[in-house]
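Chemist: Numbering (numbering that gives the first Met the number 0), first residue to last: 0 to 406. Every residue, glycine too, gets a C-beta built ideally from N, C-alpha and C.
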Amino acid sequence: MEQFSKKWFKSDQFLTEDTGIKVSDLLGLISTSEFFNDIYNLLDIEAIVDDFIKIKGATTLVATIKELDKKFEKIDLVSDFQDITLFSNGELTLNFNNLEGVDYFKEMGYDSIIAHPIHSARRDFFSGLYNMDKYASRLIANGYKHILTENMRLLSEVTENRRKYRLLHDTGENKFYLRGIISTDHYNDYNNSIAVVVGLLTLHREMLDTGTKYDLSLCEYNESAIRMFFDSSEMTELEGIGVVKNIVEIANDEIKRESLKFLGVCSINYKNKDNIERELIVAPKEVKTKILSISHNQSPNTAMKKLSEIKNANDIHKEVFDDIARIRAIKKPEQIKFLIKRKVEGARRDELSKYKDAFLGVLSVKIENVIQLLEIFNKFNLIVDEDIEAKEFLRYLLYETIVANKK
0 MEQFSKKWFK SDQFLTEDTG IKVSDLLGLI STSEFFNDIY NLLDIEAIVD
50 DFIKIKGATT LVATIKELDK KFEKIDLVSD FQDITLFSNG ELTLNFNNLE
100 GVDYFKEMGY DSIIAHPIHS ARRDFFSGLY NMDKYASRLI ANGYKHILTE
150 NMRLLSEVTE NRRKYRLLHD TGENKFYLRG IISTDHYNDY NNSIAVVVGL
200 LTLHREMLDT GTKYDLSLCE YNESAIRMFF DSSEMTELEG IGVVKNIVEI
250 ANDEIKRESL KFLGVCSINY KNKDNIEREL IVAPKEVKTK ILSISHNQSP
300 NTAMKKLSEI KNANDIHKEV FDDIARIRAI KKPEQIKFLI KRKVEGARRD
350 ELSKYKDAFL GVLSVKIENV IQLLEIFNKF NLIVDEDIEA KEFLRYLLYE
400 TIVANKK
């Protein structure tokens, strides 16, 4: 389903003259949010409401989220297992047959809906029923839908299972989708719009306090998750190679337990043999780069206080730079290339298997220096093109390749 795949835009796709956004305009993104007053008061917006946030790309970012919000209506439905049936026209769907208590459905005149599972929703649904995900998948794949239907009927007689379902209504197509299953209690809907507002406000305050400048360089998003990369004005020379630029990555997931995260990553900026500038993002595992995180079960008061931890960014970036600097000690790049080859061959993620042959083709060329080693990763990025999950893997692979050199 193409409309749910992750999309992205970079700085060369910003709206014309996008030098930032007014705080008052930014707040329009959450004007109808139940958390508007909490955010306004807890972040003391009154003191900066007339400010202009000088972060290039901010207007484009806000416009993108607004457009996405127009396409999908998000509804949370608490439903008993007994009120759900499966399949419609031979396709796996979750059919919700009791919509009481949800004003949206009442206004639309629906007393039941058919929802198509997307992302991990199918796995999450069946995993919550005695871990029967693989069993259900095999039954469906082998044409035994009737057996699965009978299993569900029998389970409904002995299982009390009330869960909250996040549904999406594609208002253009008038179709419903099941996005995921969320907690029935202690769930605060810190959505993508809130992530954008809180993220930009936090960086704006950091700019005022420290003099550091930030600009949006890349945004990856879909209807329920977003990842924003903000280039910092702070950079460190990487002798003989180029410079390392500090980046604050702000990520949000509306379904997972951990909602909003600020991460400290870096990019290596260098020139290839043709004197063309390149940039490669280097991202260690999250445990090493996490600046702060906010969970859906945290109250607005607790969540907003966590934002002060942005001050930890410098320490995180320093540690990541120290790891990246090890690239200068690489004396035998061919050995490192062999390590990359082993990691590519051993990658088990399904989304990477289609690229293995192309990756191995790039690795067949002999290299003699670090710049040529970096160019391998640049070519990998060109191969995966718009595949965001594969790009994320490559960021981590680059980091692992560099760090492995210290052993």
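How long is the line joining the alpha carbons of Ser352 and Thr209, rounded to whole angstroms?
Modeler: Counted from its first residue, the sequence shown places residue 352 at position 353. Counted from its first residue, the sequence shown places residue 209 at position 210. About 44 Å.
Chemist: Can the beta-carbon of Ile38 be found closer than 8 Å to that of Leu199?
Modeler: As a working mapping, residue 38 is identified with position 39 in the sequence shown. As a working mapping, residue 199 is identified with position 200 in the sequence shown. Their beta carbons are not under 8 Å apart, which means Ile38 does not touch Leu199 by this criterion.
Chemist: Could you name the residues of the same chain whose beta carbon sits closer than 6 Å to that of Leu93, not counting the 5 residues immediately before and after it, in chain order?
Modeler: Start at 1 with the first residue of the sequence shown, and residue 93 comes out as number 94. So the qualifying residues of the chain are Ile83, Ala114, Leu177.
Chemist: Do you know offhand how far Tyr134's Cα is from Leu153's?
Modeler: One-based indexing of the sequence shown puts residue 134 at position 135. One-based indexing of the sequence shown puts residue 153 at position 154. Roughly 16 Å between the two C-alpha positions.
Chemist: Closest to Ser294 by CA distance: which of Arg137, Lys336, Phe261, Thr288 is it?
Modeler: As a working mapping, residue 294 is identified with position 295 in the sequence shown. Ranking the options by Cα distance to Ser294, first place goes to Phe261.
Chemist: So that I know if they touch, is there some Cβ in chain C lying closer than 8 Å to that of Ser231?
Modeler: No chain C is part of this structure, which consists of one protein chain only.
Chemist: Do Val361 and Ile375 count as a contact pair if the criterion is CB distance below 8 Å?
Modeler: Taking the first residue of the sequence shown as position 1, residue 375 is located at position 376. Taking the first residue of the sequence shown as position 1, residue 361 is located at position 362. Cβ atoms of Ile375 and Val361: closer than 8 Å.
Chemist: Among Glu66, Lys390, Leu167, Phe228, which one has its Cα closest to the Cα of Ile117?
Modeler: Position 118 of the sequence shown, counting from 1, holds the residue named residue 117. If we check each option's Cα against that of Ile117, Leu167 comes out closest.
Chemist: In this structure, how does DSSP classify Thr15 when only helix, strand and coil are distinguished?
Modeler: Reading the sequence shown from its first residue, position 16 is the one you call residue 15. Coil at Thr15, not helix or strand.
Chemist: Taking C-beta to C-beta, are Ser231 and Val247 nearer than 8 Å?
Modeler: Start at 1 with the first residue of the sequence shown, and residue 231 comes out as number 232. Start at 1 with the first residue of the sequence shown, and residue 247 comes out as number 248. Yes, the Cβ-Cβ distance between Ser231 and Val247 is below 8 Å.
Chemist: How close, in whole Å, do the beta carbons of Asp123 and Ile44 come, if the pair is a contact with beta carbons under 8 Å?
Modeler: Counting from 1 along the sequence shown, the entry for residue 123 is found at position 124. Counting from 1 along the sequence shown, the entry for residue 44 is found at position 45. The Cβ separation is near 36 Å, so there is no contact.
Chemist: What span of residues does the beta strand (DSSP E) with Leu259 cover, start to end?
Modeler: If you number the sequence shown from 1, residue 259 lands on position 260. First-last of the beta strand (DSSP E) with Leu259: 257 to 270.
Chemist: Does the Cβ-Cβ distance between Pro332 and Glu388 come in under 8 Å?
Modeler: Locating residue 332 in the sequence shown gives position 333, counting from the first residue. Locating residue 388 in the sequence shown gives position 389, counting from the first residue. No, the Cβ-Cβ distance between Pro332 and Glu388 is not below 8 Å.
Chemist: Alpha helix (DSSP H) containing Val247: first to last residue?
Modeler: Translated into the one-based positions of the sequence shown, residue 247 becomes position 248. From DSSP, Val247 is part of no alpha helix (DSSP H) but of the beta strand (DSSP E) over 241 to 252.
Chemist: Would you list the one or two residues that DSSP bridges to Ile293?
Modeler: Translated into positions along the sequence shown, residue 293 becomes position 294. DSSP output for Ile293 lists Leu259 as bridge partner(s).
Chemist: Among the residues of its own chain, which have a CB less than 6 Å from the CB of Val77, if the five just before and after it don't count?
Modeler: Here residue 77 refers to the residue found at position 78 of the sequence shown. Excluding sequence neighbours, Val77 sits near Lys163.
Chemist: Using CA coordinates, which residue listed in Tyr269, Val264, Glu16 is at the minimum distance from Gly56?
Modeler: For the purposes of this step, residue 56 is taken as the residue at position 57 of the sequence shown. When each option's Cα is compared against that of Gly56, the closest is Glu16.
Chemist: Please classify Arg152: does DSSP put it in a helix, a strand, or coil?
Modeler: As a working note, residue 152 is residue 153 in the sequence shown. Residue state, collapsed to three classes: helix.
Chemist: Bridge partners of Pro116, per DSSP?
Modeler: Here residue 116 refers to the residue found at position 117 of the sequence shown. Answer by DSSP bridge pairing, in chain order: Leu177.
Chemist: Where does Lys69 sit, in a helix, a strand or coil, going by DSSP?
Modeler: Counted from its first residue, the sequence shown places residue 69 at position 70. In this structure, Lys69 counts as helix in the three-state DSSP scheme.
Chemist: So, do the region 323 to 340 and the region 209 to 218 have three or more beta carbon pairs nearer to each other than 8 Å?
Modeler: Cβ pair count under 8 Å is below three, so no.
Chemist: Based on the DSSP secondary-structure assignment, which residues constitute the bridge partners of Glu278?
Modeler: Here residue 278 is taken as the residue at index 279 of the sequence shown, counted from 1. Per DSSP, Asn268.
Chemist: Would you list, in sequence order, the uninterrupted alpha helix (DSSP H) runs of no fewer than 4 residues that lie entirely inside the region 345 to 372?
Modeler: Counting only runs of 4 or more, we get 349 to 352, 355 to 361.
Chemist: Looking at the unbroken beta strand (DSSP E) that takes in Ile83, where does it start and where does it end?
Modeler: Along the sequence shown, one-based indexing puts residue 83 at 84. Its beta strand (DSSP E) spans residues 83 to 87.
Chemist: With DSSP as the reference, please indicate the residues paired to Arg162 in a beta bridge.
Modeler: The residue labelled residue 162 in the question sits at position 163 within the sequence shown. Paired residues: Ser78.
Chemist: Ile225 and Asn187 look like a contact to me (Cβ under 8 Å); what is the Cβ gap, rounded to whole Å?
Modeler: For the purposes of this step, residue 225 is taken as residue 226 along the sequence shown, with counting starting at 1. For the purposes of this step, residue 187 is taken as residue 188 along the sequence shown, with counting starting at 1. Actually they do not touch by this definition, with Cβ atoms about 17 Å apart.
Chemist: With a cut-off of 8 Å, do at least 3 Cβ pairs link the region 235 to 245 to the region 61 to 80?
Modeler: Too few Cβ pairs lie closer than 8 Å, so no.
Chemist: So, using beta-carbon positions, are Leu259 and Ala312 closer together than 8 Å?
Modeler: By one-based count along the sequence shown, residue 259 stands at place 260. By one-based count along the sequence shown, residue 312 stands at place 313. The answer is no: Cβ separation not under 8 Å.
Chemist: Which residues mark the beginning and the end of the alpha helix (DSSP H) in which Arg325 is found?
Modeler: Position 326 of the sequence shown, counting from 1, holds the residue named residue 325. Where Arg325 is concerned, there is no enclosing alpha helix (DSSP H), given that its DSSP letter is neither H nor E.
Chemist: Do you know how far the Cα of Met227 is from the Cα of Tyr220?
Modeler: Translated into positions along the sequence shown, residue 220 becomes position 221. Translated into positions along the sequence shown, residue 227 becomes position 228. Looking at the two C-alpha atoms, the distance is approximately 8 Å.
Chemist: Can you have a look at Ala140 and say buried or exposed, based on whether 16 or more other CB atoms are within 10 angstroms of its CB?
Modeler: Locating residue 140 in the sequence shown gives position 141, where the first residue counts as 1. By the 10 Å Cβ count, Ala140 comes out exposed.
Chemist: When the Cα atoms are used, what is the spatial distance from Asn296 to Tyr143?
Modeler: Counted from its first residue, the sequence shown places residue 296 at position 297. Counted from its first residue, the sequence shown places residue 143 at position 144. C-alpha separation (whole angstroms): 39 Å.
Chemist: Would you call Tyr129 buried or exposed, if buried means 16 or more other Cβ atoms sit within 10 Å of its Cβ?
Modeler: By 1-based counting over the sequence shown, the position of residue 129 is 130. Looking at its Cβ environment, which holds fewer than 16 other Cβ atoms inside 10 Å, Tyr129 is exposed.
Chemist: Quick one: is Glu106 buried, meaning 16 or more other Cβ sit within 10 Å of its Cβ, or exposed?
Modeler: Against the sequence shown, residue 106 aligns to sequence position 107. By the neighbour-count rule (16 or more Cβ atoms within 10 Å), Glu106 is not buried but exposed.
Chemist: Alpha carbon to alpha carbon, how far is Asp49 from Gly27? Give it in angstroms, no decimals.
Modeler: By one-based count along the sequence shown, residue 27 stands at place 28. By one-based count along the sequence shown, residue 49 stands at place 50. Going from the Cα of Gly27 to the Cα of Asp49 covers about 13 Å.
Chemist: Mind checking Ala46: buried by the 16 CB within 10 Å criterion, or exposed?
Modeler: For the purposes of this step, residue 46 is taken as residue 47 along the sequence shown, with counting starting at 1. Ala46 should be labelled exposed.
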